[in-house]
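Using UniProt numbering, read the sequence shown as starting at 1 and increasing by one per residue.
Note that beta-carbon positions come from the ideal geometry of N, C-alpha and C, so glycine has one too.
Notes for the one structure printed next.
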Amino acid sequence: IQKKGGRFIEKKVHSFSELAGSYDMVINCTGIGARNLVPDPEVKPVRGQIIKVRAPWVKHCVVMDNEYYIIPNSDETVLGGTKQEDDWNMEPDPEDRRRIWEYCTEVLPCLKVSRRS
């Protein structure tokens, strides 16, 4: 967008009507905030939880048939995850962490010696 002459302007808005006529394009990145901005009570959160570990020996992604996955990045490996619809909890859940850890280390036992990042 910037290469084509566009600009990114980050600002807090309470209604899309505040932006009317001011911009050629608006990119809406409000996430669950769209529920109030639009307003649309049908918008519901989907809670996710992951674990990040240092495991530089992991070189390939592993995606299971269920919600679990192992994805290496340049400096950490992401173990996931959860997908809990209409869950407003913003705090990490120890039980979710335990399930992610147990499932991912069962699939790839070498993760047991990794360190949390």
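Of the other Cβ atoms in all chains shown, 16 or more fall within 10 Å of the Cβ of Gln49; this residue is therefore buried. In the structure shown, Ile9 falls within a coil segment according to DSSP collapsed to helix, strand and coil. Inside the UniProt domain "FAD dependent oxidoreductase" (2 to 111), DSSP marks whole beta strand (DSSP E) runs of 3 or more residues at positions 50 to 54, 69 to 72, 77 to 80, from first to last along the chain.
Apart from sequence neighbours up to five positions away, no residue of its chain approaches Glu102 with a beta-carbon distance below 6 Å. Pro109 and Val63 have their C-alpha atoms spaced approximately 15 Å apart.
Contact annotation: Ile70 and Cys29 have beta-carbon atoms that are not nearer than 9 Å. Around the beta carbon of Gly6, fewer than 16 other beta carbons sit within 10 angstroms, so the residue counts as exposed. Counting the other CB atoms within 10 Å of its CB gives Ser22 a total below 16, which places it among the exposed residues.
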